[in-house]
Amino acid sequence: MIEDLGGWVRSHDCNSLTAADIGSEVCLMGWVQFRRDHGGLIFIDLRDRAGLTQVVFDPSLSEAAHARAHALRAEFVLAVKGRVRSRPEGMHNPNLATGDIEIEALELKLLNVSQTPPFEVEDRVDPAEGLRLKYRYLDLRRPKMARNFILRHRAAQAVRRYLDSLGFLEIETPILTKSTPEGARDFLVPSRLNQGTFYALPQSPQLFKQLLMVSGLERYYQIVKCFRDEDLRADRQPEFTQIDIEMSFVDEESVMAMAEGLVRTMFAETLGVALPSPFPRMTYAEAMRDYGVDKPDVRFGLKLVELTELFAASNFKVFAKAELVKALRVPGGESLSRKEIDDLTEFVKVYGAQGLAWIKVRAEDWQSPIVKFFSEEEKAGLSARLGLAPGDIVFFQAGPAVMVNAALGALRLRMGERMGLIDEKAYAPLWVTDFPLFEYDPEEKRWAAMHHPFTAPSPGTDLAHISENPGAVLSRAYDMVLNGSEIGGGSIRIHTTAMQETMFAALGIPLDEARDKFGFMLQALEFGAPPHGGIAFGLDRITMLMAGAPSIRDVIAFPKTQKGTCLMTDSPSEVAPKQLRELGIRLREKA
RNA sequence: GGAGCGGUAGUUAAGUCGGUUAUAACGCCGGCCUGUCACGUCGGAGGCCACGGGUUCAAGUCCCGUCCGCUCCGCCA
Numbered sequence: 014m015i016e017d018l019g020g021w022v023r024s025h026d027c028n029s030l031t032a033a034d035i036g037s038e039v040c041l042m043g044w045v046q047f048r049r050d051h052g053g054l055i056f057i058d059l060r061d062r063a064g065l066t067q068v069v070f071d072p073s074l075s076e077a078a079h080a081r082a083h084a085l086r087a088e089f090v091l092a093v094k095g096r097v098r099s100r101p102e103g104m105h106n107p108n109l110a111t112g113d114i115e116i117e118a119l120e121l122k123l124l125n126v127s128q129t130p131p132f133e134v135e136d137r138v139d140p141a142e143g144l145r146l147k148y149r150y151l152d153l154r155r156p157k158m159a160r161n162f163i164l165r166h167r168a169a170q171a172v173r174r175y176l177d178s179l180g181f182l183e184i185e186t187p188i189l190t191k192s193t194p195e196g197a198r199d200f201l202v203p204s205r206l207n208q209g210t211f212y213a214l215p216q217s218p219q220l221f222k223q224l225l226m227v228s229g230l231e232r233y234y235q236i237v238k239c240f241r242d243e244d245l246r247a248d249r250q251p252e253f254t255q256i257d258i259e260m261s262f263v264d265e266e267s268v269m270a271m272a273e274g275l276v277r278t279m280f281a282e283t284l285g286v287a288l289p290s291p292f293p294r295m296t297y298a299e300a301m302r303d304y305g306v307d308k309p310d311v312r313f314g315l316k317l318v319e320l321t322e323l324f325a326a327s328n329f330k331v332f333a334k335a336e337l338v339k340a341l342r343v344p345g346g347e348s349l350s351r352k353e354i355d356d357l358t359e360f361v362k363v364y365g366a367q368g369l370a371w372i373k374v375r376a377e378d379w380q381s382p383i384v385k386f387f388s389e390e391e392k393a394g395l396s397a398r399l400g401l402a403p404g405d406i407v408f409f410q411a412g413p414a415v416m417v418n419a420a421l422g423a424l425r426l427r428m429g430e431r432m433g434l435i436d437e438k439a440y441a442p443l444w445v446t447d448f449p450l451f452e453y454d455p456e457e458k459r460w461a462a463m464h465h466p467f468t469a470p471s472p473g474t475d476l477a478h479i480s481e482n483p484g485a486v487l488s489r490a491y492d493m494v495l496n497g498s499e500i501g502g503g504s505i506r507i508h509t510t511a512m513q514e515t516m517f518a519a520l521g522i523p524l525d526e527a528r529d530k531f532g533f534m535l536q537a538l539e540f541g542a543p544p545h546g547g548i549a550f551g552l553d554r555i556t557m558l559m560a561g562a563p564s565i566r567d568v569i570a571f572p573k574t575q576k577g578t579c580l581m582t583d584s585p586s587e588v589a590p591k592q593l594r595e596l597g598i599r600l601r602e603k604a
């Protein structure tokens with residue numbers, strides 16, 4: 014029979030009682046993890062979010078409680094009053110924090126019953142993720158998952174303490190806001206009061222935080238949901254959480270120092286991990302040159318080596334005519350099997366590679382399908398530039414620069430894992446700086462902002478000639494990278510109208526359209542906007558890295574599937590015709 | 001939009017070259033059990049082999065399509 018709490022008050026959680034508490038009367042509340050019924054004695058492992066405590070039901074102590082304990086099942090909810098006692102000699106459980114003691118149950122209240130759960134609520138089973146998501150509330154009871162959210166909470170609290178101590182104000186910005194061009198697809202919200210018009214959910218509070226700087230509030234932060242209607246990945250959800258920060262009267266150095274301090278504080282206070290000070294820095298150009306990506310994983314070496322010039326006049330036409338030729342030398346890779354190389358070839362084709370050329374360096378010779386095309390000078394050049402030694406394998410890519418970097422950059426990561434070069438316990442943060450201001454969009458056939466259109470160009474940029482060679486212009490943007498994952502990014506912003514209009518012009522956005530979309534921002538810049546800049550961190554990704562979680566879904570309480578649905582609530586879902594009528598929306602007939 | 005992997009009992013998986021009644025472990029139900037801790041032990045129940053179509057004497061197994069989950073490319077200022 015289910016009972017009320019009846020005034021009972023929990024005295025401890027299920028992870029805190031130790032030998033020091035022996036003899037005290039306690040009241041524990043939680044869920045039945047395991048029942049071990051010996052007919053005489055009954056043992057219950059009681060679980061709450063903190064841990065497990067063993068409760069003993071002994072008929073000689075309480076006939077009534079013992080009798081009722083027979084009927085307990087997994088996930089029943091209990092309140093137990095009893096006395097803490099030492100476990101008998103030799104019966105201590107070193108695997109439990111509470112393993113030295115047990116509770117002799119004197120009184121038992123059954124607070125609720127449970128159906129047999131669809132999967133066992135414990136860490137060592139790993140049910141299909143679809144099932145976990147449907148019964149997410151049960152999934153979150155598993156200690157592994159609960160730990161992630163406790164960690165996330167601690168990280169968020171560390172952020173608030175740190176930023177508060179530096180004079181940052183936590184200020185909320187609108188969720189119903191304006192759709193703007195550039196960037197990701199917006200989620201739209203129809204307006205009932207203004208039919209035919211739509212709000213957009215913010216991709217980030219970018220403009221609002223800049224306006225707070227124009228407002229003179231000087232230092233702003235917010236731990237805030239952002240929304241982007243793009244395809245999902247293991248580290249991407251359509252709604253995610255940013256630690257959003259903006260400061261006035263600062264340059265890059267101030268923002269980066271503040272941001273490093275923030276991340277160091279998070280790691281120190283939640284994991285006890287000391288990150289380096291200062292973080293290493295690398296320019297975008299260096300990152301692309303050495304790692305082929307703008308978010309290098311610097312926990313291991315295996316830098317890429319450019320060889321375009323060496324092969325410029327080669328008889329091997331595939332290399333000679335390529336925009337970019339690069340190589341990846343992997344010590345010890347000579348032992349790779351033919352099958353493994355075939356698999357790697359398939360792997361790089363995903364990035365547009367036509368194939369994967371390779372050389373196995375052996376003491377007696379080079380084994381390779383392509384080396385016969387090389388001159389002696391080219392072989393000598395290769396050997397010198399790559400520092401070849403017996404036991405190496407060298408992989409090559411030649412072709413468009415974008416493809417070569419993507420393919421070899423990805424192959425580098427894969428080989429780092431394959432060769433066991435990655436220290437899974439290490440945290441290797443770094444800054445990537447000096448990003449290009451613009452990036453060419455071949456589909457739209459125009460230059461687009463690499464970061465966003467409010468990022469300031471580097472000092473000394475010739476404004477008048479910005480549109481002549483946009484690709485060469487650098488920006489005042491910086492990204493923070495941790496273990497090959499982009500965890501934060503920001504910039505010093507444009508704070509004058511003239512520069513902002515120049516920027517829109519360079520992006521091919523006509524002035525009248527710029528005024529229509531961003532007029533409020535351009536106007537605000539006319540009223541004494543201070544120099545300002547900031548940064549935004551991905552709280553989910555940082556938590557993922559701290560928790561060692563394989564998926565961003567493991568650090569979001571109620572995440573979406575890869576198709577953007579919620580298996581628990583069954584959203585998104587159709588709505589009543591009346592709702593659509595009120596919004597002035599008619600659905601197109603399904604094709 | 002594209003590529004790949006997967007879907008068999010409540011759960012996790014096995015199921016060979018297409019061939020008898022589809023296995024196992026855990027869980028579940030019942031009995032026994034006073035020192036277990038993933039208790040033990042005896043017995044039992046439990047299956048639309050994701051869905052639809054096809055090939056075949058015969059399909060969990062082969063083929064086609066659909067749905068769902070995951071990973072990746074594109075996309076994500």
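Residue numbers (our numbering): 14 to 604.
Glycine included, each C-beta is placed from N, C-alpha and C at the ideal position.
Own chain residues within Cβ distance below 7 Å of residue i, not counting five before or after
i, result
"Gly547", "Lys222, Ile258, Glu259, Met260, Val268 and Gly503"
"Ala78", "Phe70, Ala118, Leu119, Glu120 and Leu121"
"His25", "Val39 and Leu41"
"Asp136", "Arg155, Pro156 and Lys157"
"Pro466", "Glu195, Met516, Phe517 and Leu520"
"Val138", "Phe132"
"Ala589", "none"
Reduced DSSP category for residue i - H, G, I as helix; E, B as strand; rest coil
i, result
"Leu443", "strand"
"Pro289", "coil"
"Met432", "coil"
"Leu91", "strand"
"Asn108", "coil"
"Asp17", "coil"
"Thr190", "strand"
"Pro590", "helix"
"Ala570", "coil"
"Val318", "strand"
"Arg249", "strand"
"Val227", "helix"
"Val172", "helix"
"Val494", "strand"
"Phe221", "helix"
"Glu452", "strand"
Nearest-angstrom Cα separation, counted from residue j out to residue i
i, j, result
"Leu487", "Pro413", "22 Å"
"Phe533", "Val276", "33 Å"
"Gln536", "Asp264", "23 Å"
"Phe360", "Arg246", "18 Å"
"Thr278", "Ser290", "11 Å"
"Thr193", "Ala542", "21 Å"
"Gly103", "Leu109", "14 Å"
"Tyr234", "His545", "14 Å"
"Leu3", "Ser37", "Residue 3 is absent from the structure shown; the chain starts at 14 and stops at 604."
"Asp583", "Ala527", "39 Å"
"Gly501", "Arg594", "42 Å"
"Pro449", "Asn482", "11 Å"
"Ala604", "Ala477", "Low confidence applies to Ala604: its pLDDT is 47, below 50, so where it sits in the model is not reliable, and the reading given next is rough at best. The straight-line gap from Cα to Cα measures roughly 50 Å."
"Ser480", "Ala213", "31 Å"
"Ala340", "Ala490", "29 Å"
"Lys530", "Lys191", "9 Å"
Contact set for residue i: own chain, Cβ-Cβ below 6 Å, skip 5 residues either direction
i, result
"Ile565", "Asp248, Gln250, Asp553 and Met557"
"Val68", "Ile57, Leu59, Val93, Ile116 and Ala118"
"Gly229", "none"
Bridge-paired residues (DSSP) for residue i
i, result
"Met295", "Val445"
"Phe162", "None, per the DSSP bridge assignment."
"Met42", "Ala92"
"Asn125", "Val90"
Neighbourhood of residue i by C-beta distance below 8 Å, restricted to the same chain and skipping five residues each side
i, result
"Ser327", "Ala333, Phe386, Phe387, Ser388 and Glu391"
"Asn161", "Thr556, Ala560, Ala562, Asp567 and Val568"
"Ile435", "Asp310, Arg312, Phe313 and Gly429"
TODO: Tell me, please, whether the region 421-429 touches the region 311-322 by the rule of three or more beta-carbon pairs shorter than 8 Å.
DONE: yes
Open item on the list: I'd like to know if the region 193-204 and the region 85-100 are in contact, where contact means that at least 3 CB-CB pairs between them fall below 8 Å.
Closed with: no
Task: Cβ pair count under 8 Å reaching 3, the region 484-498 against the region 436-456 - done: yes
TODO: Evaluate contact between the region 336-352 and the region 315-324, counting only Cβ atoms and requiring at least three cross-stretch pairs below 8 Å.
DONE: yes
Task: the region 43-50 touching the region 83-91, judged by at least three CB pairs closer than 8 Å - done: yes
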